[in-house]
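Its first residue numbered -18, the sequence shown is counted upward by one per residue in this note's numbering. Where is the CB? At the ideal position from N, CA and C, for every residue including glycine. Note that the coordinates shown come from a computational prediction; the quantities given were computed from them, not determined experimentally. Some notes on the structure that comes next.
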Amino acid sequence: MNTLGLYVPGSSWPHRLPAGPKLLGLLLAVTGVLLTSAPALVVAEVVLSAGLYPVTRVPWRVLGRHVRALLPFLLVIVIFQLVTAEWQRAVVLAGGLLAAVLLAGLVTVTTKVSAMLALFERLARPLDQVGVSSRRVALVLALTMRCVPLVASAFQECRDAYRARGLGRGSWRLVVPLIVRLVRDAEALGDAITARGLDL
């Protein structure tokens, strides 16, 4: 597992595809999804996006994790659209969001962090001409990507520990241990960056 905790090793064609064309394909695919207004086509896009996961031989739990994290937002969208508009609009918006997230997740789990970092650095290289370090920009982007799964993982571990002690409901009680855990992780990450001679 890589430092992001998201990449899943494999030898499928999505894994072998370079990061640049992969991200360009993601941009075009998501644009197409967002421009789709027919409910039937949106459903087909969701099915196709989910169907790409078995091609990569990524465990089904990865797909389930992406869908599960999005469910609360999808529920809010569907309810709001059913109240204010019609079911077709609810399908288009919720389905489009789900397809876009699944496609983005597919790129994430099939692309190494090193490849992403190298791509970001190449894209930011013109900034060197105006005194902005492309290496620092790439590092900041990589750290930003790292924070998303880090917070989610820390929250899950704190919640599991909370439940293992037989405590009842009250997610607000997790705030303090979660903050302590994140501060410790941030300190460890800072020490690792310093030890490698990197500078932000």
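Original post:
Do you know offhand how far Pro(-1)'s Cα is from Ala96's?
Top reply: 8 Å
**OP:** Look at Gly1 and Thr37 and say whether their C-beta atoms are less than 8 Å apart.
**Re:** no
Subject >> Enclosing alpha helix (DSSP H) for Gln62 [first to last residue] >> reply: 41 to 65
Subject >> Rounded C-alpha distance that separates Val28 from Leu22 >> reply: 10 Å
Original post:
In or out: Arg162 buried (at least 16 other Cβ within 10 Å) or exposed?
Top reply: buried
Subject >> Range covered by the alpha helix (DSSP H) that runs through Val36 >> reply: 20 to 36
Original post:
Between Val73, Pro158, Ala81, which lies nearest to Glu138 when the distance is taken from Cα to Cα?
Top reply: Pro158
**OP:** Have a look at Val156, Arg144, Ala75, Gly6 and flag the residue whose alpha-carbon is nearest the alpha-carbon of Ile58.
**Re:** Ala75
Subject >> Contact the stretch 51 to 65 vs the stretch 102 to 117: 3+ CB pairs below 8 Å >> reply: no
Subject >> Under the three-state DSSP convention, the category Lys3 falls into >> reply: helix
Subject >> Backbone CA spacing between Thr91 and Leu8 [nearest angstrom] >> reply: 16 Å
Subject >> Whether Phe101 touches Leu78 by CB criterion (8 Å) >> reply: no
Original post:
Gly(-9) by DSSP, collapsed to three states: which one?
Top reply: coil
Original post:
Starting from Ser182 and walking both ways along the alpha helix (DSSP H), at which residues does that stretch end?
Top reply: Absent from the model: residue 182. The displayed extent of the chain is -18 to 181, so no value can be given.
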